[in-house]
Every structure is written in C-alpha cells, then in structure tokens.
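Student: What follows is a single structure, and I will ask about it in a moment.
2 protein chains.
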Amino acid sequence: MTSYTAPLDDLKFVIQHMVDFDQIQEKSANENLSWDVVEAVFEEAAKISSQVLAPLNGTGDQQGSRIVEGKVVTPDGWKDAFKEITEGGWVGLGCSETYGGQGFPEVVAGAVSEMFQSANLAFSLWPLLNQGAGDALLRHGSDALKETYLPKLFSGEWTGTMNLTEPQAGSDLAAVRTKAVPNGDHYLISGSKIFISYGDHDMCDNIVHLVLARTPDAPEGVKGISLFVVPKMLVNDDGSLGQANDLRCVSLEHKLGIHASPTCVMAYGDQGGAVGYLIGEENRGLEYMFVMMNKARFEVGMQGVSIAERAYQQALAYAKERVQGVPFNGKPGDTIINHPDVRRLLMHMKCQIQAMRALTYWGGAQLDLAHYESNDTRKQTYQATAEFLTPVIKAWCTERGSEMTSLGIQVHGGLGFVEETGAAQFYRDARIITIYEGTTAIQANDFIFRKTLRDGGATAHRLLSFWQEEVQAITEPTLQENKAKVVCALSHCKTALDLVIERAKSNPAKIASTAVAYLDVWGYVMGGYLMLKATTIAKKQLQDGADNPAFLKSKIACCDFYITHILPQGEASLNTVMDGTDAVWGLSNDQF
Amino acid sequence: MTSYTAPLDDLKFVIQHMVDFDQIQEKSANENLSWDVVEAVFEEAAKISSQVLAPLNGTGDQQGSRIVEGKVVTPDGWKDAFKEITEGGWVGLGCSETYGGQGFPEVVAGAVSEMFQSANLAFSLWPLLNQGAGDALLRHGSDALKETYLPKLFSGEWTGTMNLTEPQAGSDLAAVRTKAVPNGDHYLISGSKIFISYGDHDMCDNIVHLVLARTPDAPEGVKGISLFVVPKMLVNDDGSLGQANDLRCVSLEHKLGIHASPTCVMAYGDQGGAVGYLIGEENRGLEYMFVMMNKARFEVGMQGVSIAERAYQQALAYAKERVQGVPFNGKPGDTIINHPDVRRLLMHMKCQIQAMRALTYWGGAQLDLAHYESNDTRKQTYQATAEFLTPVIKAWCTERGSEMTSLGIQVHGGLGFVEETGAAQFYRDARIITIYEGTTAIQANDFIFRKTLRDGGATAHRLLSFWQEEVQAITEPTLQENKAKVVCALSHCKTALDLVIERAKSNPAKIASTAVAYLDVWGYVMGGYLMLKATTIAKKQLQDGADNPAFLKSKIACCDFYITHILPQGEASLNTVMDGTDAVWGLSNDQF
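In order, the protein sequences belong to chains G and B.
No gaps in the numbering here: position 58 of the first sequence is 58 in the working numbering, and each next residue is one more.
No gaps in the numbering here: position 49 of the second sequence is 641 in the working numbering, and each next residue is one more.
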C-alpha cells in the first residue's frame, strides 16, 4: 500500500493560471482570499491527507463499517480522523461564514475535497454530505432551522445525509412514497429509504437527515414532494440533545467498494412517525434538491479526478521500483517504467487526470463567479456556463476516472489483482462514482435536453465560439500542429451540436439514445482545449523565465500525449452521434 | 443472482456458418464429427453449465477457496461438480484419443469452454490447466510419462498446473531461479512459485505440476530453462499412488476476483527436493511452453467472451424486469430496457460479444485446420493465420470483455454496486483476464514483433487482401453503406501495418509504445469485418427462407450497431498509432 502525496504543483497551476482565479478574488471582495492564504490551506490539507486520511484507507476497506449490537460501527481510526477534520475547520471551508463556515470559494474548497478524496474516498463522503445538506438548509430553511442545524453541520459537530432513494423508485423520484403527516409545528415522517451514505455511524452525537417525502394531499409525481429535516436525536430549545427520534438504520449494504462508508437502509416512523421539520414550502422539495445538485455533481466529478490520481500514484510508485525484464534500449536493473507500454499506461493516466482536473476546476470557478458576480447579466452567463459544464464534469470525469483505476491495476500485472497491493481497492471504490448522484445516462440526458436544448443551443454556441477564438489566436509556432487538431476537435462539437438541435425537432428518444456519446464528444474535446490552453500558459511562463521549468515542460508533453492518445475518442464519439441513433433501436425486446 | 442460458443460437451460427466448419469436418476425417453429434454435445454442455456450474458461481465467490488445517478446501459443491465434469468426459473433449480424450476439434471444445466459463469462471480454470499440461506432455514427454499421466489428466481423475512465475521474475521467465538437480532417473526440484492456479485443492487425489526450473549447468536467461513433471503424490510403477512428494501450498492469494480458484504460493523441496521428471530435453522448457501458448491464449481470449456473455445475461434479465420511470414514448409500467441508454448499453454488450465470439471461433478454426491439414504449404498458412490472430483474440477479447462487465454494472444502477446482485462479481472476476497468460502489452508486443514483422508483414498483407476481396464482392444493395465503412476500416489496418513495417527499420521501442493501439486497430476492424460477414450470411439465409428469421434479422441489426458504435474505436486507435509514438516518451522518469 503506497502513500498519497497531494499533486500541489498541478493543482496550483490550474487554479492560479487556468480558471480566472484573480477574478474570483476580485469579485468575492474577500480580503482574506490572498494566494498566500490559499497556498497555506493547500499545504495543510495536503499534510492531513497524507498523514491522517491516507493511512486509514486500506484498513477502512478491510474492516468496513458494520453493525454491532444494533449500532453502526466505523473502522478503527475513523473517530480520531473525524475529530481531526472537524477541529481543523475543514468541513465548513467553503460554507457560509454567517453560520460558522469559512467562506472560501469552490475552487479552493474543491481542491481540499480532491485531496481528501484521493487520500480516502470512503471517509471523505461525509463532509460532502454536510455541505450538501447545509446548502439546502441555507437556501431554503427557516431562520430557526438554520440557527439550530447549520453551525453544527458546518463545524462537523453533527453530520448530514440526503434521503432520496426508495427501493421501488431508484432514480425516479416521482415514485417517492415516504409520508409526511402534519402534526402541530412539525410533521410525522414514515417510510423507508435506501442507499443512505453515513445514514448511521458512531463518530458523533447527532445526524441531520434531509428526507424527501409526500404530505397527505400532495399532487402525484415530482410536484408533490417536500423536503424535511429529520434529526437522529431531537434538539431541545437550548440546543442540547433531547430524545431519540423514531428512525433507525435497518441494515448496511454489502458493496463492491467504499466498504468503510456505511450505506444504510433507513426506516422512518416504525413507532408512529419520526419528527420532521419542513424546509421551505410544501411540494417544492425536488426544486430545492435540484438547486444543490450542480454543486453535488461537481463534487462527484471531482471524485473521478481524486480516485484516478490515487490510482496513478500507486501505479507510478510500483513502476519506479519494480524490476522485471530488460526494457528496449535499456539495461538489466532498469525498472518497469522504462517498458514502453507501462510508460504509455502511466502517461495515459497522468494526462487524463490533468485534463479532468482542468475541466473540473474550471467548472468550479464558474460556480464561484456566478456566486460572487453582482451584475445580473454576467451572473446569469456564469451560471449558464457552470450548469452547462456540470453534467460533463460529473459523467466524463467519473467514467474516465473509473477507467484510470483499471489502467492502474494493469501496470501492476498479476500483483494488481492481489488485494494487499491496494490497486484493486481503487478499482472497486471507483465503480460507484458513475452511478450515484445521477448515473452517466442521467447526466447525458440533463446535458442534451436541459443544458443544450433548453436555450436553443445558445450557451453551447457561445462557449464554442469563445474557445475557437481563443485557440485561433495562438501564434506560438511550436503549437500549430496541436492547435490545428484542437480547432478540428472543436468543430466536432459544433457538428454534434447542430445535429442534436436539428434532431430535437422530430424525435427526442432518438437523440437520447446517443446522449452519452454526445456528452463524450464535449468531454474529450474540452479536455483537448484545456490541455492546449495549459500548454500556451506553460510556454509563456517558460519564456518569462519561470523557476519550475521541468514541471512546465511536462505540461507541454502531456498535451502532446492527450491530443494523440485521448482526443481521438472525441471523433469516435462524434461518429456514433452522427450515425448511431437508429442502431440502438434495431432489436425488439424479444430479440435481445 | 440470475441464471445462465447458453447462447446456442449464436454459437451454432458462428461455428456452422462462419468458420469453415465443413472443412474442419472434412480434413479431420473423423466420422463422428457430424453436426448432429456437435449439437448434442452443445445441448448437454449447456445443461451442465446452467444446472451444475452456474448455481455454484455466487456461493463459490462468497466462500472462496481457503486453507483449513494446512489443506486447501474448495467451496461447497465444488467436489460434486468436479465429479460431474470428470464423469461426463468433459475434460478431455478436445484431447488426444490415444490417451483417452475424445478428439473433438478446438471450435467444439472451445464452445464447451465458453459455456463452462460463462457459468463459473473460477471453477472452469482447472479443466483448461489439465488440457494445457496434457498438451505439453503429449508433444514432448516420454512414452512412460505420457502413459502415466495423460489418461489421468484427460479423464480429470487428476488435475494439472502450470508453474512459471516466481516472485522476483513476474512475466520475465529469463529470471526463473527454481533449481533442478539430476538424481538418478529423476531430478530434485527446489524453489518457490507464485500465482499457481489450483496448485492445491481437495477435489481429487493427485495434482500434476508442470514446473519450469534450471539445471545446475544451464545457461543463463531463457535458454537455460527446463520443464519438469512434479506430481503432488508420487506414482508407483503399477499406477497406484505412492508417498507424498516434497512440495506444498504455502498460502493462498487474497484476490479481487475468482475467489473460488485457489491461487497458490508453492514451495518445492523444503525437505531436500521434490521428485521431478524432465519433459523432453534440458534447456528447451520455454520452447515447449510457447508451443502450448497459442492454445492457452486462445482459451483465455474465450474467457473475455464468456464473462461478457454472463454479465450481459445478468444485465438483460434485470433490465427486462425492473420498472423505473417512464421511458420516452413509453407508458407507466414499462421496464428499463425501453430507456434509450439502458438499451444502448445492452446493445453494446450484445454486439461486442458477437464480434468477439466470431473472432475467437474463427481463430480456433485456424488452429483446427492447421492441425488436420495434410498439405504442408496449406498447413503452414493455417498455422500462420492462427498465430497471427491469437494475440488479438487474447488481448482484444479480454480487454473488451472486462469493459463489458462494467457496462453490466451500469445497467443495474446502484444495485450493481451491491454484491448480492451478482453483477459486481463478473466485474471483479474479469479483471484478471487481461493480465494472466501474458498481459495485453505482452500480447501486443507478440503481435507487432513476432506475428506482424517476423515474416515482413506477409501474413498480415495476405489476410487483409483476402478480406478486402471478400468484402468488395458483396453485392447486396442494403449492405452497401456498411460495406463502404468496413472497406474503409480495412484500409486503416493497411495504413497501420505499412507504418509499423516502415518504423521497424529504425526504432523498435517507438513502435512498442503504440503496440496496444496497433493491436486494437486490428481487433476493432476484424470485428467489423466479421459482423458484416455474419450479415451477408444472415441475409442469404433469410432469402432462402430460413426458419429462424427473428434471430437472423438480429444479426443484421447488431452489425449496424457495431459499425456505428464500436468500429469508430478502430479509427481512433489508428490515429494514435500514426501520431502517438513520440508522445509516450515526452517525460523523463522524474517528470512523472
């Protein structure tokens, strides 16, 4: 099992030079948001990731969370790590200062997430849940609810959960059946929920469940769902904990990965009804959830970066140490990193990760800019860009991130299949990220129908024009070959976009059948655009005599690899979008 | 956990109509090899797969093989299944009749392997090992060794193993250190071996280990390795079992998948030396192993078909049963197979499997034709074709097969991540197939350096010309669009081939760095060629009034899907071959 070292050089390069961080600083009007402070935060987060979270990752996987005498018990060391994270103020890093958060922008909080999740994905889910539940409460909760719960969620004194899924409904929230019956100043909640991450655990005293449920006279479907706060322990007026609420964790799922994250089946109201407090207005629960979704999906997209980075580091360490055979043009004793295909696998991982990281932070920056911008028109433009990028970040980065963990195993050969090596855990852990927070298909539908078509393709066209101009303006002679390939790739997006707009007029089911390929075109092409952008920045810095030439030159080399080994997938996906919609429907159900 | 039903329609279509089975029949001069007999064998194998092997697959995974009181114990039911397989004569189905086998051709024995491996991959490894060990003995062993061991291996009364890997050596057999010291009529073997599948177990009385080792004065490297038979129990002159040999299983690996297959660390000679018998001549061990490798690699390529088929059946059953949301143009209650992206995923699995199956049996048929052919020139041509196809079958089918198990999970959504569903097991089990019996990189190197370049590209050019002619001859009007695409795809192979031949003149390390992409070009393109071939056959049969029109029409629809969704990957790989060799070497070791 190898260690984890935060990739601070690439992280800082992306945030400082690729995502308009100076504008985020300026618009945020936050005096504390100096680059020095950001660097200090990163250094500290890197230390905690390596020293506190990473060492627990393997043992957490082996032990898993389990039910002992009716209570969920987390693995050894989990409680201590919890204490360290909460006491360091890490949970509320990007949360509202009004309620005890530290108000850092998403690109900074996201970078800390990246590191924590690389170090220990199973552990690092609960801070995300605190942030997500807190965000929903902050936007839509009453003052009383906010005062009672937000400081505890942002400090991490308590943890939060999201209760959406029910056994019969899966991703189809229209089918939610959990009941909420008004009862004085609260509601009585009853029903069962599944796939509830950290639905119960032993790390703190209280858990704040956010639960989707229906009131008795609610309309059917998604327009009759309300959102409730249902605490594990009721809270007295003075803020102290009262009696236990009527809810429990019935069982834990036995999962392929993230064993240490307790995935609970929850039962509400076995004894007559759990006390729940309405957030906002009745029947608007789904709307409230959707508001949070961009950020939550952005965070899960980040998990693709995180798990791929960790798998890469593990594979790299092995490849630099393992001697086996003599490489071409090499000598006895050379390590396997010198074998052509091992090097190819590592390059693929490294370059794919860089592209995903650039894309993810760029999306995070759009969220920040939308948040801080005061001009309404500009705010809407930033928001539209962020919303456009979100499904691509979520789907493309999780799919590719999951693939990278497979390459990580391959670098190890037979030892990669042996659990003690550690590479297999990343492969197992990663397999959930293309599923939860909306599957890849759900992201692709969101991307094609809401993000592309709802404004008639306006945002998509605007972004494409902007990137084309930016790329066309590159004059550096050594970049002309890559420039031509990116210009061509951007035209693939345009082709796909025009096709989708044209086809939307006739048959939505048809375009849905190549929606994932359509999203992939954009993912691969945006990756290419960003890798080229990184190269132009690196070239400029080198010309200006930067003090990290080896790193900057590596950015240029990684662009060459991305464009020749990864970008061609974008064209393959375009071919599928162009010609492949009918073929999905070539068989009757019986012919499968 | 769903059941397994052998895909007999597609299996029979491929073997009867796509791989010159009539020629195999004719050349084999085996009167028993009628299609009726083959069908009867398939029906029976299908029954055993569904009824005996498939039901043990999930429990085998959960229990795993384990060491109890120093002995390896297989999961519940394993011994009974072993009895059923051996008593049915399945182990020696494709083995020499001289020693009790049944002498069926590889395409028939391979089909039985496909079914058994779909039903239960972990179980079905041992018959392959028997066949492999038996094959080596048959070709190179003395009459005495053959008479003692072959009938027991082919009947399955005993099992076989292959002992190649050592801890320090991995895939680099030049580094093998196990010793073999002459001692009268035998040798004394000492050393340790790892990754020995079924190195010990409780299903039968004896295990026939084939062990690579060095004699005291052997030259260094691969030219100093000899091959030995080292039985677990010594065999008396009358064939009865004597005392235990000096060898033992030290421990079992804790693996990502195929838990039920005991992967042993073996120690030979702790008490002074295990009795071993030389196969053939000293120092020719590696040569003997290589002779078997085509078949062994063909069999592992088949595992890609098998595990993908099983994952597909599991996903299909779920998609036809699960109701969630209302599909486009659908109605409440419609199952998720009607959702565009679920259907896309299932189509992708089905079509990829069909292409892999066609490729694999076609390769198996070349092995058969080479085996039975009496004319030397033709024999060599068949052999060259089989050897050319083998690394593509092994690498492309295992890589794609492993990917298909991931799509299988995706169809299930969150439930795919829950172990009890069963989809995750296929994903875990499949992850070894791109590694063992030579990693994908090793296959790609074999393909590019031995199979493509050693004859100066002659075999590659011959096959390409043959396929181009065959495709160009298609006159059916409805196939012209797909024909044009396959013609174009075949030209991609030609482009890649010419490039590789040209580049080989200067720098082998460079071509090795895109060897996997080169292999992938051929894999995807041959898949396209075969899917089109299947379509032309199906069209013809439909015109002739065949009695299975629904199936034949499905073959045509699957070709459309393959060409629009999967074949574009071939062009993407070609782009990488053309432009991506330098990029692999863009970083120094320190820059990773």
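The C-beta atom is built at its ideal place from N, Cα and C for all residues, glycine as well.
Output the boundary residues of the beta strand (DSSP E) element that contains Val-842 of chain B.
Tutor: 839–844
Student: Is DSSP giving Met-795 of chain B helix, strand or coil here?
Tutor: coil
Student: Is it a yes or a no for the region 349–366 of chain G touching the region 388–406 of chain G, going by three-plus beta-carbon pairs under 8 Å?
Tutor: yes
Student: So Arg-658 of chain B is in the beta strand (DSSP E); what residue range does that whole segment cover?
Tutor: 658–660
Student: Taking Ala-1164 of chain B as the query, report the chain G residues whose CB atoms sit under 7 Å from its CB, ordered along the chain.
Tutor: The contact set of Ala-1164 of chain B on chain G, defined by CB atoms closer than 7 Å, consists of Pro-568, Gln-569, Glu-571, Ala-572 in chain order.
Student: Measuring straight from C-alpha to C-alpha, what distance separates Glu-321 of chain G and Leu-729 of chain B?
Tutor: A direct Cα-Cα distance of roughly 38 Å separates Glu-321 of chain G from Leu-729 of chain B.
Student: For Tyr-529 of chain G, collect the residues of the same chain with a Cβ closer than 7 Å to its Cβ; drop the 5 residues on either side in sequence, then sort them by chain order.
Tutor: Trp-467, Val-471, Val-486, Leu-490
Student: Buried or exposed: which applies to Ser-843 of chain B, given that a residue is buried once 16 or more other Cβ atoms fall within 10 Å of its Cβ?
Tutor: exposed
Student: Nearest by alpha-carbon distance to Phe-708 of chain B: which of B:Glu-635, B:Tyr-869, B:Lys-815 is it?
Tutor: B:Glu-635
Student: Check the Cβ of Ala-976 of chain B against every Cβ in chain G and list those closer than 8 Å, keeping chain order.
Tutor: None at all; the shortest Cβ gap to chain G is about 25 Å.
Student: Between the region 560–580 of chain G and the region 519–527 of chain G, are three or more C-beta pairs nearer than 8 Å?
Tutor: yes
Student: Look at the alpha carbon of Lys-1086 of chain B and the alpha carbon of Lys-824 of chain B, and state the distance between them as a whole number of angstroms.
Tutor: Cα to Cα, Lys-1086 of chain B sits roughly 51 Å from Lys-824 of chain B.
Student: Judging by CA-CA distance, which residue of B:Ala-903, B:Asn-1074, B:Asp-1136 is the nearest neighbour of Ala-711 of chain B?
Tutor: B:Ala-903
Student: Taking Ala-1033 of chain B as the reference, give the member of G:Ile-474, G:Ile-336, G:Leu-359 with the closest Cα.
Tutor: Distance check between Ala-1033 of chain B and each of G:Ile-474, G:Ile-336, G:Leu-359 places G:Ile-336 closest, using alpha-carbon atoms only.
Student: Based on Cα-Cα distance, which residue from B:Asp-614, B:Gln-1017, B:Gln-1035 lies nearest to Gln-655 of chain B?
Tutor: B:Gln-1017
Student: Roughly how far, in whole angstroms, is the beta-carbon of Leu-241 of chain G from the beta-carbon of Asp-205 of chain G, given that I think they are within contact range, below 8 Å?
Tutor: About 6 Å separates the Cβ atoms of Leu-241 of chain G and Asp-205 of chain G, confirming a contact at the 8 Å cut-off.
Student: Give the residues from the region 729–756 of chain B that approach chain G closer than 7 Å (Cβ to any Cβ), ordered along the chain.
Tutor: From the region 729–756 of chain B, no residue has a Cβ closer than 7 Å to chain G.
Student: Taking Cβ positions, are Glu-706 of chain B and Ser-898 of chain B nearer each other than 8 Å?
Tutor: yes
Student: Measure the C-alpha to C-alpha separation of Pro-1190 of chain B and His-565 of chain G and round it to an integer number of angstroms.
Tutor: Because chain B here runs from 593 to 1184, residue 1190 of chain B falls outside it and cannot be looked at.
Student: With H, G and I counted as helix, E and B as strand and the rest as coil, what does DSSP make of Thr-161 of chain G?
Tutor: strand
Student: Using CA atoms only, rank isn't needed, just tell me which of B:Met-996, B:Met-795, B:Ile-1025 is closest to Lys-671 of chain B.
Tutor: B:Met-795
Student: Using the rule of at least 16 other Cβ atoms within 10 Å of the residue's Cβ for burial, across every protein chain shown, is Gly-70 of chain G buried or exposed?
Tutor: exposed
Student: When the Cβ atoms of the region 685–699 of chain B are set against those of the region 618–635 of chain B, are three or more pairs found closer than 8 Å?
Tutor: yes
Student: Quick one: residues in its chain with C-beta nearer than 7 Å to the C-beta of Glu-399 of chain G, no 5 flanking neighbours on either side, listed in chain order?
Tutor: Counting only Cβ-Cβ distances below 7 Å, and skipping sequence neighbours, we find Thr-434, Thr-440.
Student: Tell me, please, which residues DSSP counts as bridged to Tyr-372 of chain G.
Tutor: Note: Tyr-372 of chain G sits in no beta bridge, so no partner.
Student: Can you confirm whether the region 206–218 of chain G touches the region 180–193 of chain G when touching is taken to mean that 3 or more C-beta pairs between the two stretches lie within less than 8 Å?
Tutor: Result yes; three or more Cβ-Cβ pairs closer than 8 Å.
Student: Taking Phe-328 of chain G as the query, report the chain B residues whose CB atoms sit under 7 Å from its CB, ordered along the chain.
Tutor: Pro-1100, Ala-1101, Ala-1104
Student: Below 8 Å on the Cβ atoms is my contact criterion, and I expect Met-18 of chain G with Ala-534 of chain G to pass it. Report the Cβ-Cβ distance as a whole number of Å.
Tutor: 6 Å
Student: Do Gln-1002 of chain B and Gln-572 of chain G count as a contact pair if the criterion is CB distance below 8 Å?
Tutor: With the sequence shown as reference, residue 572 of chain G is identified as Ala, and Gln is not the correct amino acid for it. Result no, Cβ atoms of Ala-572 of chain G and Gln-1002 of chain B do not sit closer than 8 Å.
Student: Return no unless some Cβ of chain B is closer than 8 Å to the Cβ of Arg-214 of chain G.
Tutor: no
Student: Comparing alpha-carbon positions, which option in B:His-1053, B:Leu-1124, B:Cys-841 lies nearest Leu-1071 of chain B?
Tutor: B:Leu-1124
Student: Out of curiosity, what's the CA-to-CA distance linking Phe-1009 of chain B and Val-1092 of chain B?
Tutor: When rounded, the distance between both Cα atoms is 42 Å.
Student: Check distances from the C-beta atoms of the region 775–797 of chain B to those of chain G and list, in chain order, the residues that come in under 7 Å.
Tutor: Phe-787
Student: Can you tell me whether Gln-380 of chain G is buried or exposed, with buried defined as 16 or more other CB within 10 angstroms of its CB?
Tutor: Burial call: exposed.
Student: Any Cβ of chain B within less than 8 Å of the Cβ of Gly-416 of chain G?
Tutor: yes
Student: Determine the burial state of Asp-185 of chain G: buried for a count of at least 16 other Cβ atoms within 10 Å of its Cβ, exposed for fewer.
Tutor: exposed
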